Amino acid sequence: MSFYTVALSFAPRLAIAWAINLAALWAADALWAGVRIEGWKAFLIGSAVLGIANAVLKPILTVMTLPLIIITLGVFYLIINIAMVALAEWIAPNFSIDGFWTYVGTVFVVWAVNWIGGQVLGDVERRGRPRLIRG
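So the sequence shown is numbered by this note's numbering: it starts at 16 and just counts up by one.
So this is what it looks like as structure tokens:
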């Protein structure tokens, strides 16, 4: 497989992940009064930062804090997820989240929208593959 082929398959996946994170932030903004995201620039930058943070920083932090995650029965993993959302909030303009429980709700919404998006994409990919005919 050439670099060009890998790049072509990576670019659409990156765009889809960006769109899913944008939808997740939009849903959190619509659901929680403590989440305020104003303007498309804030949504675009926030979703890009969230996607990059989840792809790069989150796995590193998860491995580094694995004993703490195990000791707390996964509660510290929630703190890592909150940190990823907080980073997106800090970098994106006109994006604010007020209160710990609003962060928890936002993390839940981001998780749910990403899970639903993954299920839909998995269904689309399975439908697009040719089926083997056994005889």
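Glycine is no exception: its CB is placed at the ideal position from the N, C-alpha and C atoms. The structure displayed is predicted, hence computed values, not measured ones.
### Query
To which residues of the same chain is alanine 32 closer than 6 Å at the C-beta, ignoring the five residues directly before and after it?
Gly66
### Task
Within the same chain, show all residues whose beta-carbon is closer than 6 Å to that of alanine 38, passing over the 5 residues directly before and after it, in chain order.
The residues Val128, in chain order, have a CB closer than 6 Å to that of alanine 38 in the same chain once the five nearest residues on each side in sequence are set aside.
#### Entry: Residue from Phe115, Phe110 and Lys73 with nearest C-alpha to methionine 99
Lys73
### Message
Please give the ranges of any beta strand (DSSP E) in the region 43 to 68, keeping only runs that are unbroken, at least 3 residues long and fully inside the region.
### Response
50 to 52
### Beta-carbon proximity of isoleucine 112 to glycine 49, cut-off 8 Å
yes
### Query
For serine 111, which beta-bridge partners are listed by DSSP?
Arg51
### Message
With H, G and I counted as helix, E and B as strand and the rest as coil, what does DSSP make of glycine 137?
### Response
helix
### Message
Does leucine 83 come out as helix, strand or coil in the three-state DSSP assignment?
### Response
helix
### Query
Beta carbon of tyrosine 118, beta carbon of isoleucine 131: below 8 Å?
no
### Task
Express the C-alpha separation of alanine 63 and proline 4 in angstroms, rounding to a whole number.
This structure cannot settle anything about residue 4, because the visible part of the chain is limited to 16 through 150.
### Query
Taking all protein chains shown into account, do 16 or more other C-beta atoms lie within 10 angstroms of the C-beta of phenylalanine 110, making it buried, or fewer, making it exposed?
So phenylalanine 110 ends up on the buried side.
### Continuous alpha helix (DSSP H) stretch holding valine 100: start and end
90 to 106
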